[in-house]
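Visitor: One gets the numbering used here by counting positions in the sequence shown from 1 and adding 1014 to each.
For every residue, glycine included, the Cβ atom is placed at its ideal position computed from N, Cα and C.
One structure, as structure tokens, below. Some questions next.
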Amino acid sequence: NGPVQFNYESWLTDDQEKLVFQAKAGDTLLVVKFTQRYNADTHCLCANSGLAPKLLYISENEIRGWKMIVMEYIDGLTLYINMAQLDREDYDALLVDVKEAVQKLH
């Protein structure tokens, strides 16, 4: 529906090589990610199943090979950092979600 202004709030990873940020447009929290490859169809399939945040924008024009991806922000843990800290019940629930996602993608 046209351009949306947002402000970057913070990095969403401790790895400064990963360009993933929390941003804010008005009162709405967003995730802004820069990547050289992205499969929007796969993301939308997972989002429609409740396994990924809603994809809001993917740039059509790459800038020096990079695309900008914008999605809704969902509060939670980053598995990259916190998977070892999950209790057994949450770990088992995560495995069920991952299996469901893989089945939908194949």
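1) Give every residue of the same chain whose Cβ lies closer than 7 Å to the Cβ of alanine 1061, excluding the five residues on either side of it in the sequence, and list them in chain order.
2) Tell me which residue opens and which closes the beta strand (DSSP E) that valine 1045 is part of.
3) Going by C-alpha to C-alpha distance, which of Lys1118, Leu1043, Phe1048 and Lys1113 sits closest to arginine 1078?
4) Decide yes or no for the touch test of the region 1037-1045 against the region 1079-1090: beta carbon pairs closer than 8 Å, at least 3 of them.
5) Return helix, strand or coil for tyrosine 1105, following the three-state DSSP convention.
6) Give the DSSP bridge partners of lysine 1118, in chain order.
7) Quick one: give me the first and last residue of the beta strand (DSSP E) that alanine 1066 is part of.
8) Quick one: what does DSSP say glutamine 1099 is sitting in, helix, strand or coil?
9) Name, in chain order, the residues that DSSP records as bridge partners for alanine 1039.
10) Would you please state the rounded distance, in angstroms, between the beta carbons of glutamate 1023 and alanine 1039? I believe it to be under 8 Å.
Guide: For this structure:
1) Closer than 7 Å at Cβ, skipping near neighbours: Pro1067, Lys1068 and Leu1069.
2) Segment 1042-1049, the beta strand (DSSP E) holding valine 1045.
3) By alpha-carbon distance to arginine 1078, the top candidate from Lys1118, Leu1043, Phe1048 and Lys1113 is Phe1048.
4) Output reads yes: the region 1079-1090 touches the region 1037-1045.
5) DSSP places tyrosine 1105 in helix when its eight states are reduced to three.
6) Beta bridge pairing from DSSP links lysine 1118 with no other residue.
7) Careful: alanine 1066 lies outside any beta strand (DSSP E) and carries neither H nor E.
8) Of the three classes helix, strand and coil, the one that applies to glutamine 1099 here is helix, per DSSP.
9) According to DSSP, alanine 1039 bridges with Thr1042.
10) Between alanine 1039 and glutamate 1023 the Cβ distance is about 11 Å, and since that is not below 8 Å, they are no contact.
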